[in-house]
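First up is the structure itself, then whatever we jot down about it.
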Amino acid sequence: MFEIYLAGERNIVLCRADLIEKLNMPSTKSNFFSRFHITEGFVEYELYNVGIGSINDYETWKYNRQFFDQSMLTPNFNDQAVEWVNELCKEMESCWNNLGENHELNLSKWMHRFTNEIIFKVTTGVKNNNVNSYYNFIVECDNNTLKGIKGEPVDESEKFVKSVETYIGGLIYLTIFNNFMLHYVPIIRGKWKGFMKNKKYLFDKLHKVIKERKIEIENTPLDQPLRHDMMTSYITANTPRDINTVKRVGADILRPATDNEIRGMILDSMLGGTETVANLFCFIVYYLGRYPEVKQRVLRELDEVLGKDLTKPVTYRDLDELQYCEAFINEVNRHCPVSFWMTRLNAERDSIGGYDWPEATLFQMLYSSIMKHKNYWTDPEKFDPDRFYKVEESDKYLLEKQKAKNVFPMFGGGIRICPGKKLAMIELKCLMVYFRKYDIEMADINAPLKLKSDFINHVDECIVKVKPRKF
Ligand code: HEM
845 MFEIYLAGER NIVLCRADLI EKLNMPSTKS NFFSRFHITE GFVEYELYNV
895 GIGSINDYET WKYNRQFFDQ SMLTPNFNDQ AVEWVNELCK EMESCWNNLG
945 ENHELNLSKW MHRFTNEIIF KVTTGVKNNN VNSYYNFIVE CDNNTLKGIK
995 GEPVDESEKF VKSVETYIGG LIYLTIFNNF MLHYVPIIRG KWKGFMKNKK
1045 YLFDKLHKVI KERKIEIENT PLDQPLRHDM MTSYITANTP RDINTVKRVG
1095 ADILRPATDN EIRGMILDSM LGGTETVANL FCFIVYYLGR YPEVKQRVLR
1145 ELDEVLGKDL TKPVTYRDLD ELQYCEAFIN EVNRHCPVSF WMTRLNAERD
1195 SIGGYDWPEA TLFQMLYSSI MKHKNYWTDP EKFDPDRFYK VEESDKYLLE
1245 KQKAKNVFPM FGGGIRICPG KKLAMIELKC LMVYFRKYDI EMADINAPLK
1295 LKSDFINHVD ECIVKVKPRK F
């Protein structure tokens, strides 16, 4: 445990699993429900009292969170999500094939478009065609270069993807700079202005989508069923067209959601579900390249579970059987966690690690340190998915076998645990199915990952080549 000051604010950094146990307690009565101090920056960025990620009021969070849980944690969702992810994987495959095996691809960019498209579809029911648009954009750029035309073509879909990325980029500013710095310090002020301009563009887009869906719902006769997606569920909540079968209780919960609330929830899905999965898949490709013997076991499992027919669509049940692949994903995230820290505030005075802390102390749970701690992990620096795979059946990983609590908080913990964890695994495993047919390899196999760290660990550039698999 140690303390640091970020923009004048005291952060207590916790690096052991026992220290975070209280913070990640799965109880609605937790003293550590809140994540951030809501500053003027949060209000200006319109993250105050909407969505779920930055909410500090339990009742508001409960009302909003139910929509995530209702739509993402049901068994029906699994099959639907696998179908959509499979379809998009096919589309991306045909784009890559058209570009040819010698075309170097920035996997980070492709993956951002992929995850943006999936999460937008899951949340709004609308297909925004980011992957295909990106392909057309690249082709147009290549043609322009051949013709000697300067500048990039304008593409609405590209603008949308970039606006989500830019919005996410603004989050670290409002977290580490106070209101004075955001508005008066040169350079920071200019950047903040840019983030605010981008926010307007993004919010206008999202409000347009909500408005269009509302009109569609109004024009759908009462005897015709409405499509099931999260946005329709928000729009119809507690109205005569309510599509949710699980009924809500509580006075505040029994009211329809406002447009700003709906926008906040769509935005939170995009913020939580785009960068995380996109980056983790880039890390996966990198680690597969680094550990050929692990890659062989991944391929063996894919071949065994999915069989020889490469055209057969993958089902949720297949994905569930990919246990070594899952162990591999976990090990990649343990070594290079996308989400490597998370914060909590205590509502009342409390004790942690033998010290008494005043209310509203900001605690940083340093997951990256817990995930490499020698007390919980055997030979922690070693990369070996076996520490997550059938550990009960051997004595190779005795520490892992004890399954100590809170030592692998890949998706956080407690009642605020990530609602997208199932979707994330579906996406990652479906993407790994590519390896049955293709070698996706880093263009420079010896180059290290160009990691950047702020809220999460991410890579802006991950250049790969996609070639038919060598058997
Ligand atoms: C590999 C992928 C992902 C990782 C590693 C990840 C990780 C996390 C972590 C660590 C948290 C904080 C939990 C806590 O405070 O205890 C979180 C929260 C959250 N995640 Fe994810 N996530 C991933 C994918 C997704 C996806 C696909 C979605 C799409 C819905 C999503 C949406 C959210 C939301 C909305 C929250 C806030 C939950 C709340 O405050 O109640 N995440 N995620």
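Numbering of the sequence shown is given in our numbering, commencing with residue 845 and proceeding in unit increments. The beta carbon of each residue, even a glycine, is placed where N, CA and C say it ideally should be.
Item to check | Cβ-Cβ distance between M1040 and E888 below 9 Å | outcome: The residue given as residue 1040 occupies position 196 in the sequence shown. The residue given as residue 888 occupies position 44 in the sequence shown. With respect to the 9 Å criterion, M1040 and E888 are classified as neighbours on the basis of their beta carbons.
Item to check | Coarse secondary structure for R1141, derived from DSSP in three states | outcome: The residue labelled residue 1141 in the question sits at position 297 within the sequence shown. Reduced to three states, the DSSP call for R1141 is helix.
Checklist entry - In terms of alpha-carbon separation, which member of S977, N974, V929 and E1105 lies closest to K906? => result The residue you call residue 906 lines up with position 62 of the sequence shown. Closest by alpha carbon: E1105.
Checklist entry - Taking the alpha carbon of L1293 as the point to measure from, which residue in Q924, H1179 and T1010 has its own alpha carbon closest? => result To locate residue 1293, count along the sequence shown from 1; it is residue 449. Of the candidates Q924, H1179 and T1010, the one whose C-alpha sits nearest the C-alpha of L1293 is H1179.
Item to check | V894, enclosing alpha helix (DSSP H) - first and last residue | outcome: On the sequence shown, position 50 is the one that residue 894 refers to. For V894, no alpha helix (DSSP H) run applies, since DSSP gives it neither H nor E.
Item to check | Member of M1074, N987 and L1124 whose CA lies at the smallest distance from the CA of P1263 | outcome: Start at 1 with the first residue of the sequence shown, and residue 1263 comes out as number 419. The residue with the shortest Cα to Cα distance from P1263 is M1074.
Checklist entry - For K1052, which of helix, strand or coil comes out of DSSP? => result Reading the sequence shown from its first residue, position 208 is the one you call residue 1052. Three-state result, K1052: helix.
Checklist entry - Using CA coordinates, which residue listed in T1118, N950 and R1057 is at the minimum distance from G1013? => result Locating residue 1013 in the sequence shown gives position 169, counting from the first residue. The candidate whose alpha carbon is nearest that of G1013 is T1118.
Checklist entry - Roughly how far, in whole angstroms, is the beta-carbon of E1192 from the beta-carbon of E1203, given that I think they are within contact range, below 8 Å? => result Looking up residue 1192 in the sequence shown gives position 348. Looking up residue 1203 in the sequence shown gives position 359. Yes, they are in contact, since the Cβ atoms of E1192 and E1203 sit about 5 Å apart, within 8 Å.
Next on the checklist: What I want to know is whether the C-beta of I1032 ends up closer than 8 Å to one or more non-hydrogen atoms of the ligand HEM.
Outcome noted: Here residue 1032 corresponds to residue number 188 of the sequence shown, with the count starting at 1. The ligand HEM has no heavy atom closer than 8 Å to the beta-carbon of I1032.
Checklist entry - Alpha carbon to alpha carbon, what distance is there between L1066 and R1085? => result Along the sequence shown, one-based indexing puts residue 1085 at 241. Along the sequence shown, one-based indexing puts residue 1066 at 222. C-alpha separation (whole angstroms): 8 Å.
Next on the checklist: Can you confirm whether the region 856–872 touches the region 1247–1262 when touching is taken to mean that 3 or more C-beta pairs between the two stretches lie within less than 8 Å?
Outcome noted: yes
Item to check | Residues near A1095 by beta carbon distance below 8 Å, same chain, minus five either side | outcome: Looking up residue 1095 in the sequence shown gives position 251. Any reading at A1095 must be qualified, since the residue scores a pLDDT of 49, below 50, and its modelled position is unreliable; no value is offered.
Next on the checklist: Do I1270 and V926 count as a contact pair if the criterion is CB distance below 9 Å?
Outcome noted: If you number the sequence shown from 1, residue 926 lands on position 82. If you number the sequence shown from 1, residue 1270 lands on position 426. Taking 9 Å as the Cβ cut-off, V926 and I1270 qualify as a contacting pair.
Item to check | Of the residues L1070, L1115, I963 and Y1130, the one placed nearest T1010, counting alpha carbons only | outcome: Indexing the sequence shown from 1 puts residue 1010 at position 166. Ranking L1070, L1115, I963 and Y1130 by Cα distance to T1010 puts L1115 first.
Next on the checklist: Which same chain residues end up closer than 7 Å to R1141 when comparing Cβ atoms and leaving out the 5 residues on each side of it in sequence?
Outcome noted: As a first step, residue 1141 must be located in the sequence shown, where it is residue number 297. Excluding positions up to five away in sequence, the list reads Y1168.
Next on the checklist: Can you determine whether any heavy atom of the ligand HEM sits closer than 8 Å to the C-beta of F1255, and answer yes or no?
Outcome noted: Position 411 of the sequence shown, counted from the start, is the residue given in the question as residue 1255. Answer for F1255: yes, Cβ within range of the ligand HEM.
Checklist entry - In whole angstroms, what separates the C-alpha of F1004 from that of E961? => result Within the sequence shown, numbered from 1, the residue matching residue 1004 stands at position 160. Within the sequence shown, numbered from 1, the residue matching residue 961 stands at position 117. Straight through space, the alpha carbons of E961 and F1004 are spaced by roughly 11 Å.
Checklist entry - Can T1187 and N893 be called in contact, C-beta distance under 9 Å? => result In the sequence shown, counting from the first residue as 1, residue 1187 sits at position 343. In the sequence shown, counting from the first residue as 1, residue 893 sits at position 49. Cβ distance not < 9 Å, so T1187 and N893 don't count as in contact.
Checklist entry - Can you tell which of S1001, D913, N922 and G995 has its C-alpha closest to the C-alpha of W954? => result By 1-based counting over the sequence shown, the position of residue 954 is 110. The option with the nearest alpha carbon to W954 is S1001.
Checklist entry - What residue ranges within the region 1206–1246 form continuous alpha helix (DSSP H) runs of no fewer than 4 residues, ordered along the chain? => result 1211–1214 and 1242–1245
Checklist entry - Does the ligand HEM have a heavy atom nearer than 8 Å to the CB of D1112? => result As a working mapping, residue 1112 is identified with position 268 in the sequence shown. Yes, Cβ of D1112 sits closer than 8 Å to a heavy atom of the ligand HEM.
Next on the checklist: Starting from F1172, trace the alpha helix (DSSP H) in both directions and tell me its first and last residue.
Outcome noted: Here residue 1172 is taken as the residue at index 328 of the sequence shown, counted from 1. Looking at the DSSP string, the run of the alpha helix (DSSP H) that includes F1172 is Q1167 to H1179.
Next on the checklist: Measuring straight from C-alpha to C-alpha, what distance separates H1072 and Q910?
Outcome noted: For the purposes of this step, residue 1072 is taken as residue 228 along the sequence shown, with counting starting at 1. For the purposes of this step, residue 910 is taken as residue 66 along the sequence shown, with counting starting at 1. About 15 Å.
Next on the checklist: Let's see if you can read the secondary structure: which residues bound the alpha helix (DSSP H) around L1115?
Outcome noted: Your numbering for residue 1115 matches position 271 in the sequence shown. D1103 to G1117 is the extent of the alpha helix (DSSP H) around L1115.
Next on the checklist: For Y1220 and K1249, what's the separation of their Cα atoms in angstroms?
Outcome noted: Within the sequence shown, the letter at position 376 stands for residue 1220. Within the sequence shown, the letter at position 405 stands for residue 1249. Approximately 10 Å between the Cα atoms of the pair.
Next on the checklist: Can you tell me whether H956 is buried or exposed? The criterion is at least 16 other CB atoms within 10 Å of its CB, across all chains shown.
Outcome noted: Within the sequence shown, residue 956 is the residue found at index 112, counting from 1. By the neighbour-count rule (16 or more Cβ atoms within 10 Å), H956 is buried.
Item to check | Contact test: Y1078 Cβ vs the ligand HEM heavy atom, cutoff 8 Å | outcome: Position 234 of the sequence shown holds residue 1078. Incorrect: Y1078 has no Cβ contact closer than 8 Å to the ligand HEM.
Checklist entry - Around the Cβ of Q1246, are there at least 16 other Cβ atoms within 10 angstroms (buried) or fewer (exposed)? => result Numbered from its first residue, the sequence shown carries residue 1246 at position 402. Answer is exposed; the Cβ neighbour count stays below 16.
Next on the checklist: So, at 7 Å on beta carbons, what are the nonlocal neighbours of E1236 in its own chain, with the 5 sequence-adjacent residues on each side left out?
Outcome noted: Here the question's residue 1236 lines up with position 392 in the sequence shown. The residues are K1245.
Next on the checklist: So, for Q1208: in the same chain, excluding its five sequence neighbours on each side, which residues have a beta-carbon less than 6 Å away from its beta-carbon?
Outcome noted: As a first step, residue 1208 must be located in the sequence shown, where it is residue number 364. Closer than 6 Å at Cβ, skipping near neighbours: N855, V857, W1185 and T1187.
Next on the checklist: Let me check you understand the geometry: is the CB of A861 closer than 8 Å to at least one non-hydrogen atom of the ligand HEM?
Outcome noted: Against the sequence shown, residue 861 aligns to sequence position 17. No, the beta carbon of A861 sits no closer than 8 Å to any heavy atom of the ligand HEM.
Item to check | Same chain, Cβ closer than 7 Å to V1149, five either side skipped, listed in chain order | outcome: In the sequence shown, residue 1149 corresponds to position 305, counting from 1. Excluding positions up to five away in sequence, the list reads D1162, E1165 and L1166.
Next on the checklist: Quick check: what's the CA-CA separation for V975 versus D862?
Outcome noted: Taking the first residue of the sequence shown as position 1, residue 975 is located at position 131. Taking the first residue of the sequence shown as position 1, residue 862 is located at position 18. Computed Cα separation, rounded: 43 Å.
Item to check | H1072, DSSP secondary structure in three states | outcome: Locating residue 1072 in the sequence shown gives position 228, counting from the first residue. Residue state, collapsed to three classes: coil.
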